Amino acid sequence: MNPILTELRFEDVQPIWKEQLWPERTSKIEKISYISSSGIIDMQIGQWGTNPIFLGFTNNTEIVACVSSFQTNQHEYRCRGIWVQESFRSTGLGLKMIDALIEIIKKNDSQASTLWTMARLRSVGFYQRAQFKNQQIIEGYEYGPHQMMSRILDSQSMQSV
Ligand SMILES: CC(C)(COP(=O)(O)OP(=O)(O)OC[C@H]1O[C@@H](n2cnc3c(N)ncnc32)[C@H](O)[C@@H]1OP(=O)(O)O)[C@@H](O)C(=O)NCCC(=O)NCCS
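Numbering (the working numbering), first residue to last: 657 to 817.
Listed below in structure tokens is the structure:
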């Protein structure tokens with residue numbers, strides 16, 4: 657059966673993040689992160705990011721891919737925690753999840769202008785393929801250094817959704 661794109665809850669995604677994406681992580685996994693697109697801690701994100709999105713692909717038995725997004729300031733949204741089960745990698749699920757996120761974000765907030773991410777260096781190529789552009793490199797966080805990357809959200813840059 658082909659995996660189906662599904663809306664998820666934090667409770668669905670949290671165990672995958674803990675066991676698969678960030679197995680050695682020592683800091684608590686929360687619904688949102690307070691790191692800004694400039695790479696600094698910004699507690700105001702708590703006021704913007706009150707409605708995080710969690711979505712992924714499921715087959716009959718399990719979640720095989722997931723991602724999250726939440727607002728981080730007036731016009732920016734972060735893409736966080738993208739993961740695809742190894743046996744489903746390179747089949748397009750990652751790109752489809754990014755497109756689905758953008759569709760939801762633009763539907764909810766027509767003023768949304770940027771989707772940004774904090775990419776591990778090993779994933780930069782994937783995000784470039786998903787039309788993200790490199791910004792600065794930041795250090796000092798678990799699984800770093802990270803490449804900050806962003807994608808402008810205009811109708812021209814949308815792929816098929
Ligand atoms: C990164 C990840 C989410 C990509 O998901 P995916 O479903 O395999 O990606 P897709 O199949 O949609 O790939 C889209 C394109 O990106 C390319 N790509 C995927 N991962 C890549 C990588 N790490 N480096 C360079 N290119 C990559 C694919 O080859 C494909 O290119 P093509 O369309 O020209 O053939 C997945 O590899 C993963 O879960 N990795 C482990 C977790 C992780 O590192 N998450 C990111 C943390 S920042």
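We put the beta carbon where it would ideally sit given N, CA and C, even for glycine. Given the structure is predicted, the values throughout are model-derived calculations rather than measurements.
Report the CB separation of residue i from residue j in whole angstroms; it is logged as a contact under 8 Å.
i, j, result
"Ile688", "Trp673", "Between Trp673 and Ile688 the Cβ distance is about 12 Å, and since that is not below 8 Å, they are no contact."
"Glu732", "Ser694", "That pair is no contact at about 11 Å."
Helix, strand or coil, according to DSSP, for residue i in the structure here?
i, result
"Leu757", "helix"
"Asn790", "strand"
"Gln815", "Residue confidence is low: Gln815 scores 49 on pLDDT, short of 50, so the model does not pin down where it sits. Its coordinate-derived value is still stated next. Coil, per DSSP."
With respect to the beta strand (DSSP E) encompassing residue i, which residues constitute its N-terminal and C-terminal limits?
i, result
"Gln803", "His802 to Ile808"
"Trp821", "No information on residue 821 is available, as it lies outside the stretch 657 to 817 that the chain covers here."
"Phe726", "Ile719 to Gln727"
To the nearest angstrom, report how far apart residue i and residue j are at their CA atoms.
i, j, result
"Gly737", "Leu711", "11 Å"
"Arg778", "Lys752", "19 Å"
"Gln784", "Ile758", "16 Å"
"Ser724", "Ile701", "15 Å"
"Leu661", "Ile760", "13 Å"
Since residue i is in the alpha helix (DSSP H), which residue starts that stretch and which ends it?
i, result
"Ile672", "Phe666 to Ile672"
Starting from the C-beta of residue i, find all residues in its chain whose C-beta is less than 8 Å away, skip the five residues before and the five after it, and write them out in chain order.
i, result
"Asn716", "Met657"
"Tyr690", "Ile697, Asp698, Met699, Ile701 and Gly702"
Given residue i, which residues of its chain have a CB within under 6 Å of its CB, disregarding the five upstream and five downstream residues?
i, result
"Ile754", "Ala786"
- Item | ligand 3 site residues, beta-carbon cut 5 Å against heavy atoms | With respect to small molecules bound, the structure shown includes ligand 1 and not ligand 3.
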